[in-house]
Ligand code: AHM
Ligand code: MG
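Residue numbers (this note's numbering): 848 to 1202.
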């Protein structure tokens, strides 16, 4: 019989890679099996489970009743709510109920913080998420995503205002997204690089696909809704005119931030959603859209700015605060910034207290 002490497993590269699951990876990253590490590992595992449930629903959306189309309601942002938005939001709520992990949920689809007091004695984390990002793509079977961030609760929040959540994005302890595309991909960071996992449907597990992803310093992709050109401030118009007149750039815009950001993370370039007449602060929400992606961008060696300051330094004054977003490769974000700087010389910046 083989002695367990001396046994050498015949784990070749392929088996090793195929068996690196998300929860295992979190523990490996933290180099600990302590309670905090176990919590974060379990938390990521629950997020992944929510992603699997959403992915399953999306895959079969054309075949089941009541999966596609609008509910007839509008959300806190004044946007029409899709049935899939509600489904995915409820998935995250249900996955974290009785989990002992998360005390509060903040979602694009819920005006107020959702409290889970049964979890609070143990799990003092808050999960902030956009259950379906890019939901205009749902009904036409194009890619959508879920975005998430995790913050540690500071204080007891007895007045239930969630004021401890109104801090900068550097307080996020984990962030990431799930991309529902031809395959389902989960990208996350706990402040130790950016890593991507692909859902293996035969196993029902997210398996490590790319570790320590670095955004190229420069890429050819620029991703923006050019239909808003007439609504932008001059620097953004100048920038787009520059792109139109120079060789080497490709416009790529899917209408779903997660997919557009994923392309840029892997291939380089820039995504931007500037302020418009309709939404002077842009469309994207800080706490569960821009800040988590900014966390990933910085961890991958890229950059994210509002045009005035780093997205991760921006302190919101409300849960559903919007900010302009310019995110991606260092050089490509800097190019956009150079147009903003040029115009600033002509016009002083608006103080953030007014913005
Ligand atoms: P959503 O979360 O309600 O879907 O809104 C966010 C989405 C982003 O995914 C995408 O980049 C943007 O809104 C698209 O907006 P627009 O249609 O104005 O270009
Ligand atoms: Mg969104």
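For glycine and all other residues, C-beta sits at the position ideal for the given N, C-alpha and C. Just so we're clear, the structure is a prediction, and the values are computed from it rather than from any experiment.
Judged by beta-carbon spacing, residue 1129 lies within the 8 Å limit of residue 1171, meaning their Cβ atoms are closer than that value.
Only buried fits residue 1027, as 16 or more other CB atoms lie within 10 angstroms of its CB. Of the candidates 935, 1166, 939, 1175, 1166 places its Cα closest to the Cα of residue 1014. Its chain contains 1011 as the residues whose beta carbon lies nearer than 7 Å to that of residue 1002, once the 5 sequence neighbours on both sides are disregarded; these appear in chain order. Membership of residue 890 in the alpha helix (DSSP H) is indicated by the continuous run 882-906. Between residue 955 and residue 984, the C-beta gap is not smaller than 8 Å, which leaves the two residues out of contact. Within a 10 Å sphere around the beta-carbon of residue 974 sit 16 or more other beta-carbons, which makes this residue buried. For residue 1068, no alpha helix (DSSP H) segment is defined; the enclosing uninterrupted segment is the beta strand (DSSP E) at 1068-1070.
Annotation: residue 1139 to residue 1104 spans about 12 Å, alpha carbon to alpha carbon. By the 16-neighbour rule on beta-carbons within 10 angstroms, residue 1132 is buried. A distance below 6 Å between beta-carbons, with the five flanking residues on each side excluded, links residue 1000 to the following residues of its chain, in chain order: 950, 971, 973. Residue 854 counts as exposed, since fewer than 16 other beta carbons sit within 10 angstroms of its beta carbon. Using a cutoff of 7 Å, the CB of residue 926 counts as near the ligand AHM, since one of the ligand's heavy atoms is closer than that. Using a Cβ-Cβ distance cut-off of 8 Å, the stretch 1037-1048 and the stretch 1082-1091 are not in contact, since fewer than three pairs of beta carbons, one from each stretch, lie closer than that value. The DSSP assignment places 930-943 as complete runs of the alpha helix (DSSP H) inside the stretch 919-977, in order along the chain (cut-off: 4 residues).
In the three-state reduction of the DSSP assignment, residue 1055 falls in the strand class, which pools E and B.
When the alpha-carbon of residue 1057 is set against those of 895, 1109, 1044, 1066, the nearest one is in 1044.
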